[in-house]
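Residue numbers (full-length UniProt numbering): 1 to 150. Just below is one structure, and these are the notes that go with it.
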């Protein structure tokens, strides 16, 4: 009998919920003896300002990138080697799909903040990953029971 998954990719947003999503991905990777990679996507600063700003944001983007790498290393369990920890810049769903296709990922694990019924699918990043993926996607429900968003 062959393992169902060979390469599991967990996409995290660097919040406290990332630990729960990573833990679930690690369980699946361990059970399947699969490679485990972790990814965080930074949106380019120009996107936030519509690309029409009269200054060079390169140094700020570099600082954000370095901070994200440090935070990802804190979240990543020792079972996720440094070479399997990735911070990329771009639109989250697009970059996650690109990485998954280039690296032969056969399961993407993401967090979902949905609360009830169809709302479970309405996190923008999770939905984007789900709809464009060429492999299986697992949405791990995060947040406390009964918690509401303001």
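A virtual CB, placed ideally from N, CA and C, is assigned to each residue, including glycine. Quantities reported herein were computed from a predicted structural model and do not represent experimental measurements.
Have a look at residue i and residue j and give me their C-alpha separation to the nearest angstrom.
i	j	result
residue 76	residue 128	23 angstroms
residue 81	residue 37	8 angstroms
residue 73	residue 85	7 angstroms
residue 130	residue 58	31 angstroms
residue 9	residue 107	6 angstroms
residue 133	residue 97	6 angstroms
residue 79	residue 13	19 angstroms
residue 99	residue 40	11 angstroms
residue 45	residue 83	25 angstroms
residue 126	residue 71	21 angstroms
residue 56	residue 62	11 angstroms
residue 29	residue 103	15 angstroms
residue 35	residue 26	9 angstroms
residue 5	residue 64	33 angstroms
residue 124	residue 31	29 angstroms
For the ligand PLP, I want to know if residue i counts as a neighbour, meaning its beta carbon is within less than 6 angstroms of at least one of the ligand's heavy atoms.
i	result
residue 23	The ligand content of the structure shown is nil, which means the ligand PLP is not present either.
For residue i, I'd like the list of residues in its chain whose CB is within less than 8 angstroms of its CB, leaving aside the five on either flank, ordered along the chain.
i	result
residue 142	17, 20, 21, 111, 112 and 113
residue 43	89, 90, 91 and 92
residue 135	100, 105, 106, 107 and 108
Going along the chain, which residues of its own chain have a beta-carbon closer than 7 angstroms to the beta-carbon of residue i, five neighbours each way excluded?
i	result
residue 24	109 and 140
residue 60	45
Which term fits residue i, buried or exposed, when burial requires 16 or more other beta carbons within 10 angstroms of its beta carbon?
i	result
residue 67	exposed
residue 95	buried
Which residues in the same chain as residue i place their Cβ atom closer than 6 angstroms to its Cβ, once the five residues preceding and following it in sequence are excluded?
i	result
residue 69	87
residue 11	39, 96 and 110
residue 15	none
To the nearest whole angstrom, what separates the beta carbons of residue i and residue j, a pair I think is in contact under 8 angstroms?
i	j	result
residue 7	residue 105	5 angstroms
Enumerated in chain order, which unbroken segments of the beta strand (DSSP E) with a length of 3 residues or greater are wholly contained in the UniProt domain "UspA" (5-141)? Listed in chain order, they are 7-11, 35-42, 85-89, 107-112 and 136-141.
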